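Line by line, the protein sequences are chains H and F.
The letter at position 10 of the first sequence is residue 10 when you use the UniProt record's numbering, and the numbering goes up by one with no holes.
The letter at position 281 of the second sequence is residue 281 when you use the UniProt record's numbering, and the numbering goes up by one with no holes.
Backbone N, C-alpha and C fix where the C-beta goes; we use that ideal spot for every residue, glycine too.
These figures come from a predicted structure and were not determined experimentally.
Written out below as structure tokens is the structure these notes cover.
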Amino acid sequence: MNILYFLVGCSVLMALIFLGAFIWAAKTGQNDDVYTPGVRILFDDEPEEEKSEEDHFSS
Amino acid sequence: MKNQQQTTTYTICYHCGEEVTDHIHRLDDKDFCCAGCKGVYQILSENNLCNYYAYNHNPGQRFNHDTRLEYLDEPQIINQLIDYTGKESSIITFYIPGIQCSSCIWLLEHLYKINPAIFSSRIDFIRKQVTITFNHTEIPLRKLVETLIQIGYEPLISLQDVVKEHQKALDKGLILKIAVAGFLMGNVMLFSFPEYFGLSGLEKQFQVLFGWLNLAFSIPAAFYCGKDYFISALTSLKHKHVNLDTPLALIIAVLFSRTAFEVIFSTGPGFADTLTGLVFLLLMGKWLKQRTYNHISFDRDYRSYFPIAVTTLINGLEKPVSINDVKIGDRLWIRNGELLPADAILMKGDAWMDMSFVTGESEPVHKVLGEIIYAGGRQTGEAIELEVIKPVSQSYLTGLWNHDHYKNNVQKQNFNDSIAKYFSLAVFTIAFSATAYWLLQHDSHKAWSAFTAVIIVACPCVLALSTPFTLSAILSVFDKKGFYVKNTDAVEQLAKCDAVVFDKTGTLTTTRNAQVYFNGEMDDHEKKIVASLFRNSAHPLSRHILKELKTSDFFQVKNYKEIPGKGLSATVNGLNVYAGSLSSKLKAVGHQPSSGVNVVIDDVYIGNFVIEQEWRPQLNVLIAQLNRSFDVQLLSGDTNKDERHLRTIFPEKNQIRFRQSPHEKLDAISALQDSGRAVMMLGDGLNDAGALKQSDFGIAITDDINNFTPGCDAILKGDSLSLLPNFIGLSKDGIKIIKASFAIATAYNFIGIYYAVQGTLYPLVAAVLMPISTVTIICFTTFATRILARKNKLFT
């Protein structure tokens, strides 16, 4: 059962790491805007789109 | 089906989606409604930014800008606006009201394609802000703003910096505390579980370790997360009154000291689980209470209507000056459409001031030389020169905000604080009598545990939680119906109101569906002539009239001239046509000047267009409903021209007052309050701002949430006005819910106290009792709110 001492230490350490990660995220403002990144990720990549649009104009 | 038919007969603008009445603005096989939209498209297509049109159909907005930007060259003003400036790059954040769809995000984040000196730009969609990093040596701020305007996104730069105020308001402290409290609670629960299930002999060796770990976790819970409760309790005791935080601080202290005592002397497992759970829930309640709408500002004042700079004349030369630096005696140069920021005397020019900000009167007022013009007026016409007689901060309009006798909001006590006093008193009485009893029995150990247990069990945490949970549930019901209340405290204020005061223009009427009437006779040919003239103007009135004329083909227009604020003139089909309100022109054709847009064709008076605001629907029903339980009044800044119509809505007993200045409105509200009324004020413009602030609950009515509204407690969408009695009803029911949950909590407390006074309260019981009562309350408030929302017909 002595292994429990080690496991308790591990679990507290893990939890501390997660807490630290959250505090870091909150302090650097990563949770300030929770809407825009979700839209941003849906935009298509540039190069292919541009060409097709250009073709469109020249026609 | 109707819509489909329309799309076949009309073309819509590729950029903004407005109806295209002719086909003169064409580019790349696409139709545009005006040169502005076409210009934007041209810039975007030149820079390969046509993806803008791929994400949404017709994402643009029609705009006409004549904003002067000279002031952006002044280093002083630039410093005021910029967030950060380094050697080569500067960062600035703009508020852009035009941001409305994903296309806007896409375009504004690709600004670097238009000008490589812009390094990056990031959008916060909800707040409608864009943060731009740019090379200020290559692209000056003015050029940057011009670029934004060119593509149709004009940033709003006003004296009240919306952006910076947001940054200030963001308080991350509470979020961090909640995170820490959650972490502590989770871990303490984990180490308390063995205790809950009973310890076998083998597990006993861990008991000491878990005890010390729990104690270690309790320290930050009490002294970091719970710090604010101690501070608040101490300050309120200093002022010799008891608020809700006082018993809460006491409980945190007792829980902590008892945990420390039990762990150090190995007498028991302590109350670390109760302590951390309590702190976590309390902080959650606090967060709900503080939560407000990010994208709506409730604290606006005159400064958000005012520009940041104004043009002054120094030795005949124009120079933009920051409004804060305007001094008495300065000469101001106000152009068409610009706002006069300070009280001033007219020195030169013909002033037609649109005073609708100040008085609510929509017709421009003519001012003669030497007359004093109050700040807040907007010049419609030629540029005028004025001499400042009062600094901006002391002018007639701003005086509304510096009014000293606004009711002190601090004294508004809510239900919680008023009950906290009696609650604390009762708990102390019970705790001390239990202690005294056990001391008389010569059992000091039981006396100590009875004392602490009573205080722990009688926790008013339910009180601290039920209010924010109930009220925030009500807030979200309101929110879905277009009623945005500032915060949970404001809901309690709403429930207390017993008098309702309305403003007229913009509140009972709507500007959205203005009705256009034509007084006079006009044949189809004349109609065509007039429509051809109006088609050239981007003025909102012209657009309204053009829509009403419903003409599809037009004549060639020559010599087109737009006299700002006065009208339009041109030669159409060989005839001289004039439309507007110029009195000299009308007298010349032998007609008395009348309001509205007068039409003169070849010196013959044809008639005039009258634009009438539409009354909001179902006002009769609304006023009748309100009259059942409220004292209803109307304060209008306008003339009494609508009195007869208003009397059909408002019965005889309701007071109606016309020609009320902003100060008179404020005084009327104060007088009502002095007679013991809790007043709710509904208004829309800056002229109601003083009254809104003075009232116990100020509601700003708007047809578009993104428009600027004066400072208030709540913002109501115009369409939802008819639901007002339901909103008030639900807020009153909300207070009943809070009282009921208090009764439930008291019942729980009695059970707990029964064990506590006997000194036999085991931590496990406390740990179970507290969450159960909390969960009961949260469930109760949530369900009760839903049921009552349905009762008040606020559920869809």
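- Less than 8 Å separates the beta-carbon of Ile669 of chain F from that of Ala691 of chain F.
- Between Val180 of chain F and chain H, the shortest Cβ-Cβ separation is below 8 Å.
- Taking the Cα positions, Ile751 of chain F is about 16 Å away from Ile777 of chain F.
- Contact annotation: in the segment 89 to 116 of chain F, residues whose CB is within less than 8 Å of a CB in chain H are Ser102, Ile105, Trp106, Glu109.
- Residue environment for His110 of chain F: buried (at least 16 other C-beta atoms within 10 angstroms of its C-beta).
- Leu4 of chain H belongs to the set of residues whose beta carbon lies under 8 Å from a beta carbon in chain F.
- For the options F:Ile606, F:Thr509, F:Lys558, F:Thr274, the alpha carbon positioned closest to that of Gly574 of chain F is the one of F:Lys558.
- Assigned with DSSP and collapsed to three states, Glu195 of chain F falls in helix.
- Within chain H, the residues Ala26, Lys27 have their CB atoms less than 7 Å from the CB of Lys172 of chain F, given in chain order.
- Taking a C-beta distance under 8 Å as the contact criterion, Gly60 of chain F and His15 of chain F qualify as a contact pair.
- Under the DSSP assignment, Lys38 of chain F falls in the alpha helix (DSSP H) whose first and last residues are 35 to 46.
- Thr452 of chain F and Ala431 of chain F have their C-alpha atoms some 8 Å from each other.
- At the C-beta level, Phe183 of chain F and Leu19 of chain H come within 8 Å of one another.
- Nearest neighbour of Lys286 of chain F by Cα position, chosen from F:Asp124, F:Leu508, F:Phe554, F:Ala181, turns out to be F:Ala181.
- By the rule that beta-carbons nearer than 8 Å mark a contact, Asp523 of chain F does not touch chain H.
- Runs of beta strand (DSSP E) with 3 or more residues, each lying fully within the segment 490 to 521 of chain F, are found at 499 to 503, 509 to 520, listed in chain order.
- Secondary-structure assignment with DSSP links Ser120 of chain F through a beta bridge to F:Thr133.
- Shortest Cα-Cα distance from Ser741 of chain F to any of F:Ile114, F:Cys779, F:Thr709 involves F:Cys779.
- When CB distances to chain F are screened at a threshold of 9 Å, the residues of the segment 10 to 39 of chain H falling below it are Ser11, Val12, Ala15, Leu16, Phe18, Leu19, Phe22, Ile23, Ala26, Lys27, Gly29, Asn31, Asp32, Asp33, Val34, Tyr35, Thr36, Val39, in chain order.
- When the beta-carbon positions are compared, Asp713 of chain F and Lys486 of chain F come within less than 8 Å of each other.
- Straight-line spacing of the CA atoms in Ser720 of chain F and Glu138 of chain F works out to 49 Å.
- Taken in chain order, the whole beta strand (DSSP E) runs of length 3 or more contained in the segment 622 to 692 of chain F are 631 to 635, 655 to 657, 679 to 683.
- Here Asp684 of chain F is buried. Its C-beta has 16 or more other C-beta atoms within 10 Å.
- Checking the DSSP bridge columns, you'll see Thr702 of chain F partnered with F:Lys717.
- Phe183 of chain F reaches chain H at Ala15, Leu19, counting residues in chain order whose Cβ is nearer than 7 Å.
- The segment 306 to 315 of chain F makes no contact with the segment 484 to 503 of chain F, as fewer than three CB pairs between them are under 8 Å.
- Beta-bridge pairing by DSSP links His15 of chain F to no other residue.
- In the structure shown, Met14 of chain H adopts helical secondary structure according to DSSP, grouped into three states.
- Listed along the chain, the chain H residues whose CB falls inside 7 Å of the CB of Asp273 of chain F amount to none; the nearest CB is some 16 Å away.
- For Thr267 of chain F, the closest of F:Ala216, F:Trp212, F:Phe125, F:Thr312 by C-alpha to C-alpha distance is F:Trp212.
- When 7 Å is used as the limit between beta carbons, Asp124 of chain F is near these residues of chain H: Asp33, Thr36, in chain order.
- Taking 8 Å as the threshold, the shortest C-beta distance from Leu288 of chain F to chain H does not fall below it.
- DSSP lists F:Arg26 as the beta-bridge partner residues of Asp31 of chain F.
- Pairing Phe134 of chain F with Tyr112 of chain F, the inter-Cα distance amounts to about 9 Å.
- The alpha-carbon of Leu369 of chain F is positioned some 16 Å away from that of Gly377 of chain F.
- A direct Cα-to-Cα measurement between Tyr437 of chain F and Glu262 of chain F gives close to 23 Å.
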